[in-house]
Structures are given as structure tokens and as C-alpha cells.
Amino acid sequence: MAENFEKMLAGSLRLEEPWYILGAEFHEEEPAIHIHVGVDKAAALCCHVCGAPAKRYGYESKERIWRHADCLFYLCYVHCIRPRVLCEKCGAMQVNAPFERKNSRFTLLFEGYAMLLLQDVPRARAARLLRCDEKSLAGILTYWVHEAVNRMDLSDVSSVTIAIDADRRRAFDVEPGRAFRIVRSLDDFYAPASMDEVQVRLNKLCSWMRRCRLQPMKDAALPLKRHGGRY
């Protein structure tokens, strides 16, 4: 194996003692890279629920496999048999690996790269680029968007207004509140413009719209459908 290659793999998986790289191999027939991760048998582990020191309690019955970020443009998979612990307070618990999110088949690095792609490309195209199914990407996107929203201070937010082009099935504006003046302001903004001007304005709003995806839609929105140049 190349010098420091194991260290590079361990860094991409956020491995720290007692976790370590057992080895890595390239399967030419797939083609794919398979990384095997182990944990020191003598190391003391803590319960991931309460954080208290716990006794070792064997291992899970089957080896788990996670999809990792591609390595040298080859598909990459991580194999690990995770240890179990017996906590006096919580009982028998499965220890989570440092590179995984609970109940996910993907490593944190893969999910982070997927979220970067999903900021700029449609989900179907991102699935093709990442060589995974679109349903899995939907699950990743939903989890991390909800995680970001849950960390936001929304104590002063009661409602938002979403402007939707029903023909194109896309949102083009989000405004705080749901007062009728917001509808009027949108109408005044788009009505005088020709279709080409509207398209230019929509293009300018694209980067801002991506940020708006993280804003929660707490109350009923006001969909606006364009008819004869007006919304």
C-alpha cells in the first residue's frame, strides 16, 4: 500500500483511537475500493446515549457496509463489524462508528458531498453523478434540511408567503409573513415585465431561492398562478 494511504483513509472516515483501518483492497471486477475498519478489542467504550463507561458486550451479528465518497473515481465502500456495550443505565447498546449517521447506509463524507451537489443541480442529475438512487438522496436531503431548520431560532417566525409558478411547478419567491401587501408587491414587480424580463429576474433569484429552501413553511402559503402576464 502507498505510504500514508491508510492515514488518508482514516482521515476521510474521521477515525480516532480505538478505531483504525484494517486494510483496503481494489476489486477489479466491480470495479470498486473496499475499506475495512476495526476497533481495538481491549479499548474501553462508552454508551453513546448517556456517555457513561460501559462493558464490552460482543459485536453485531453481521458486517455492515456503507457507501463512501468515491476514491480515484472508483466506487468506495466501508466494511465494519461494530462492537456492542452493556450500559448499567441503558442496557445493551450498539456502538455507532465515527463515520456514520444513525440508520444511514452512507458515510458522513458521502452525505456532505451529496449536499454540496444538491445546492446546484436537480436531484435526478445529482443521483447520476453520484451513481446512487434518487430515493436515497431524498432521504439525505430531508434529514440535513430538517437538522438545519431545527437549529434555527424561529421564535419570531409565524408564517411565510411562497410565490409559485404553477405552470413550471417551481417556487420563485419567498417573503416573510402572509399579508396581502406581499401579494401586491409581487404583482407590481412582475406585471410590467415582458416574459423575457421575467425570466431574467427569475434567473437572478435562483441563488437566493436555494437559501430559502431552508426556511420552514409553517403556515399555509399563497400560490400565485400567472395568467396573461400577471401573477
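The numbers in the working numbering rise by one with no breaks, and the one at position 201 of the sequence shown is 198. For glycine and all other residues, C-beta sits at the position ideal for the given N, C-alpha and C.
- In the DSSP annotation of this structure, the continuous segment of the beta strand (DSSP E) that includes K52 starts and ends at P50 to Y56.
- The stretch 44 to 120 is shown to contain whole beta strand (DSSP E) runs of 3 or more residues at 50 to 56, 61 to 68, 71 to 77, 80 to 84 and 88 to 91, in chain order.
- Around the beta carbon of P50, a 10 Å sphere encloses fewer than 16 other beta carbons of the protein chains shown; the residue is thus reported as exposed.
- A39 has its alpha-carbon roughly 43 Å from the corresponding atom of R125.
- Annotated three-state conformation of L127 is helix, per DSSP.
- Within the DSSP bridge table, the entry for Y140 names no partner.
- In terms of CA proximity to Y54, V82 leads the group P28, H33 and V82.
- A direct Cα-Cα distance of roughly 11 Å separates F2 from C68.
- In this structure, the straight-line span from the alpha carbon of R11 to that of V75 is close to 13 Å.
- Under the three-state reduction of DSSP, L151 is assigned to coil, being neither helix nor strand.
- Per the coordinates, the alpha-carbon of C87 lies some 8 Å from the alpha-carbon of V46.
- Here R79 is near V92, since their CB atoms are less than 8 Å apart.
- If you draw a 10 Å sphere on the C-beta of I62, you find fewer than 16 other C-beta atoms in it, and that means exposed.
- Of the candidates V171, A145, V142 and N147, the residue whose Cα lies closest to the Cα of S156 is V171.
- Shown here, A21 sits in a strand according to DSSP, grouped into three states.
- In the structure shown, L42 falls within a strand segment according to DSSP collapsed to helix, strand and coil.
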